[in-house]
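Note sheet for the following structure.
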Amino acid sequence: MLSGIPFAWLGLLALAGIALDMLLGEPRRWHPLVGFGNLANAIERRLNQGAAQAASQPRTNQEPGAGRPAGVLAWCLAVLPIVALPCVALVWLQTQLGLTALAAAVPITALRELLAEPTTARFLIPTLILHVVLLYACLGLRSLRDHTKPISTALRDGDLATARKLTSYIVSRDTADASESDLAKAGVESLLENGNDAVFGTLFWFAVAGGPGALLFRLANTLDAMWGYRNPRFNHFGWAAARIDDVLNWIPARLTACSYALLGNRRLAWQCWRSQAPAWPSPNAGPVMAAGAGALGLALGREATYDGVPEVRPPLGMGEPAKREDLGRAWRLVWRGAVLWVALLLFAGTMQETAANKRAAPATTTTESLKTDQQNTAAPNTPTTPTTPQAPVSPATPRTDTPANIPGVAR
Numbered sequence: 001m002l003s004g005i006p007f008a009w010l011g012l013l014a015l016a017g018i019a020l021d022m023l024l025g026e027p028r029r030w031h032p033l034v035g036f037g038n039l040a041n042a043i044e045r046r047l048n049q050g051a052a053q054a055a056s057q058p059r060t061n062q063e064p065g066a067g068r069p070a071g072v073l074a075w076c077l078a079v080l081p082i083v084a085l086p087c088v089a090l091v092w093l094q095t096q097l098g099l100t101a102l103a104a105a106v107p108i109t110a111l112r113e114l115l116a117e118p119t120t121a122r123f124l125i126p127t128l129i130l131h132v133v134l135l136y137a138c139l140g141l142r143s144l145r146d147h148t149k150p151i152s153t154a155l156r157d158g159d160l161a162t163a164r165k166l167t168s169y170i171v172s173r174d175t176a177d178a179s180e181s182d183l184a185k186a187g188v189e190s191l192l193e194n195g196n197d198a199v200f201g202t203l204f205w206f207a208v209a210g211g212p213g214a215l216l217f218r219l220a221n222t223l224d225a226m227w228g229y230r231n232p233r234f235n236h237f238g239w240a241a242a243r244i245d246d247v248l249n250w251i252p253a254r255l256t257a258c259s260y261a262l263l264g265n266r267r268l269a270w271q272c273w274r275s276q277a278p279a280w281p282s283p284n285a286g287p288v289m290a291a292g293a294g295a296l297g298l299a300l301g302r303e304a305t306y307d308g309v310p311e312v313r314p315p316l317g318m319g320e321p322a323k324r325e326d327l328g329r330a331w332r333l334v335w336r337g338a339v340l341w342v343a344l345l346l347f348a349g350t351m352q353e354t355a356a357n358k359r360a361a362p363a364t365t366t367t368e369s370l371k372t373d374q375q376n377t378a379a380p381n382t383p384t385t386p387t388t389p390q391a392p393v394s395p396a397t398p399r400t401d402t403p404a405n406i407p408g409v410a411r
């Protein structure tokens, strides 16, 4: 845990962040990630001017590797200052608490005592609030439902035009001529993939590094969504954004695939993961979407149209084509996975506290033994009463100091 926060604390903070997300949803007026996207666009326009001008024509005269240094610089300028701000704030708050980190040995049961102390609460409460707010800003669990439920409603009402328009907000493929099955398939694929990006990957990095970890992951993921394209404009400039996201997402994507498999059709999910994921272009989206499609028992992937050009993608999953009802099934799969992850964090916290208590028990016993030894050592310095000479014991007189008569010795 780079954050230094015990797992039990992280579990409660994650629970609070998810509760805020489900209760409040995305900010209506100003979303932090939207503001970050505007900043990223401004940086890209300054550092990728040549590619921006050549967006509509191939850059045939560009040598391999050109543009990558500018992409690395742009990524650092966009991400690192924003992540550094909460890091500095948290380090300062925890330093004021007298800790370089919230020690893992501090049990969750001590939270009430810590908050009851005014000096401690003054810095502990802002620390916990900052972690929760950062997680809330990065989560998108309710957003997934809010963007896909209206599509399902429009399809139920037979309003195909509205369903096409709503679907175009969440996918990059063409939806103008999409059928009901195509729209349902696009929505399910978006739910499965973005479930990893907006929920599970965020929770994973929150467990690793607290609020700053969740923020780092979401910003990197956003830049990959903006710059990670293989086209003349971003082929080299977006290389760093794509590779960094691949690295940060490698473990979360496979844990997400495991979650989908455990909570759905296990056999089919594992089978699709092994056989179909390697064929998918993205090393992280492949396991997530293949396992998710198998868990739901749906046939996804295959044909889609991008910028007017039909594209045949590898198949995902097995079973029936996606229907309107499957949008709700896919979201509930993501929801159950989020509940499972929080429960695992709380369970890990319980195990962590139990192990810490076991390690502390021998230390307590040793301390008590040292105190006893010190008391025994100090005994000769205390005044003693003079002893009276004893009369010689005759052979016929039974001894009174046999083990049976000495106090504390068993017969």
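First residue of the sequence shown: 1, per full-length UniProt numbering; consecutive thereafter.
Here a beta-carbon is modelled for each residue, glycine too, at the ideal position from N, C-alpha and C.
Quantities reported herein were computed from a predicted structural model and do not represent experimental measurements.
Segment limits, alpha helix (DSSP H) that includes residue i
{"i": "Pro81", "result": "68-96"}
{"i": "residue 412", "result": "Given a span of 1 to 411 for the chain in the structure shown, any question on residue 412 remains unanswerable."}
{"i": "Arg122", "result": "118-138"}
{"i": "Pro283", "result": "No alpha helix (DSSP H) holds Pro283; DSSP gives it neither H nor E."}
{"i": "Pro32", "result": "32-47"}
{"i": "Asp146", "result": "141-156"}
{"i": "Gly25", "result": "Premise fails: Gly25 is in no alpha helix (DSSP H) and is neither H nor E."}
{"i": "Ser172", "result": "Looking at the DSSP string, Ser172 is not in any alpha helix (DSSP H), and its letter there is neither H nor E."}
{"i": "Ala269", "result": "266-276"}
C-alpha gap between residue i and residue j, whole angstroms
{"i": "Ala105", "j": "Leu248", "result": "Because the pLDDT at Ala105 is just 42, under 50, the model does not fix this residue reliably, and the value given afterwards should be weighed accordingly. One C-alpha to the other measures close to 28 Å."}
{"i": "Leu182", "j": "Val79", "result": "It is worth fixing the name first, because residue 182 is Asp in this sequence and not Leu. Cα-Cα distance, rounded: 36 Å."}
{"i": "Arg324", "j": "Asp146", "result": "15 Å"}
{"i": "Gly317", "j": "Ser168", "result": "23 Å"}
{"i": "Thr127", "j": "Trp92", "result": "10 Å"}
{"i": "Trp250", "j": "Phe347", "result": "24 Å"}
{"i": "Leu144", "j": "Phe206", "result": "19 Å"}
{"i": "Gly65", "j": "Asn231", "result": "Residue confidence for Gly65 is low, a pLDDT of 41 falling below 50, so the modelled location carries little weight; the figure read from the coordinates is stated next. Distance between the alpha carbons of Gly65 and Asn231 is about 14 Å."}
{"i": "Ala89", "j": "Cys258", "result": "35 Å"}
{"i": "Pro81", "j": "Ala154", "result": "42 Å"}
{"i": "Arg218", "j": "Asn196", "result": "11 Å"}
{"i": "Arg156", "j": "Trp331", "result": "17 Å"}
{"i": "His131", "j": "Glu320", "result": "42 Å"}
{"i": "Ala176", "j": "Leu139", "result": "30 Å"}
{"i": "Trp75", "j": "Leu223", "result": "8 Å"}
{"i": "Ile170", "j": "Pro281", "result": "20 Å"}
{"i": "residue 438", "j": "Ala293", "result": "With the chain covering only 1 through 411, there is no way to say anything about residue 438."}
{"i": "Leu216", "j": "Val133", "result": "14 Å"}
{"i": "Leu23", "j": "Gly67", "result": "43 Å"}
{"i": "Glu303", "j": "Gln352", "result": "48 Å"}
{"i": "Leu262", "j": "Arg46", "result": "46 Å"}
{"i": "Asp307", "j": "Lys165", "result": "16 Å"}
{"i": "Ser190", "j": "Glu180", "result": "15 Å"}
{"i": "Ala70", "j": "Leu39", "result": "16 Å"}
{"i": "Leu298", "j": "Arg142", "result": "23 Å"}
{"i": "Gln62", "j": "Val72", "result": "Residue placement at Gln62 is poorly supported in this model, since its pLDDT is 44, which falls under 50; the coordinates still yield a value, given next. Taking the straight line joining both Cα atoms gives about 18 Å."}
{"i": "Ile5", "j": "Ala220", "result": "23 Å"}
{"i": "Ala291", "j": "Asp21", "result": "26 Å"}
{"i": "Leu300", "j": "Arg122", "result": "52 Å"}
{"i": "Thr95", "j": "Pro86", "result": "14 Å"}
{"i": "Leu340", "j": "Phe200", "result": "10 Å"}
{"i": "Gly35", "j": "Arg28", "result": "13 Å"}
{"i": "Ala295", "j": "Thr119", "result": "50 Å"}
{"i": "Ala163", "j": "Val309", "result": "21 Å"}
{"i": "Pro32", "j": "Glu26", "result": "9 Å"}
{"i": "Asn265", "j": "Gly328", "result": "16 Å"}
{"i": "Leu345", "j": "Gln49", "result": "45 Å"}
{"i": "Thr288", "j": "Glu117", "result": "The residue asked about is misnamed: residue 288 is Val in this sequence, not Thr. Going from the Cα of Val288 to the Cα of Glu117 covers about 46 Å."}
{"i": "Asn284", "j": "Pro212", "result": "22 Å"}
{"i": "Thr202", "j": "Gly228", "result": "19 Å"}
{"i": "Leu124", "j": "Glu44", "result": "39 Å"}
{"i": "Asp245", "j": "Ala253", "result": "11 Å"}
{"i": "Gly11", "j": "Pro278", "result": "33 Å"}
According to DSSP, residues forming a beta bridge with residue i
{"i": "Pro315", "result": "Gly301"}
{"i": "Glu320", "result": "Leu298"}
{"i": "Tyr306", "result": "Val309"}
Check: residue i C-beta below 8 Å from any heavy atom of the ligand MN
{"i": "Leu139", "result": "Summarising the ligand content, the structure contains no ligands, and the ligand MN is consequently not present."}
What runs of the alpha helix (DSSP H), each 4 residues or longer, lie entirely inside the stretch 185-263? 201-227, 239-263
Three or more C-beta pairs below 8 Å linking the stretch 267-287 and the stretch 231-241: no
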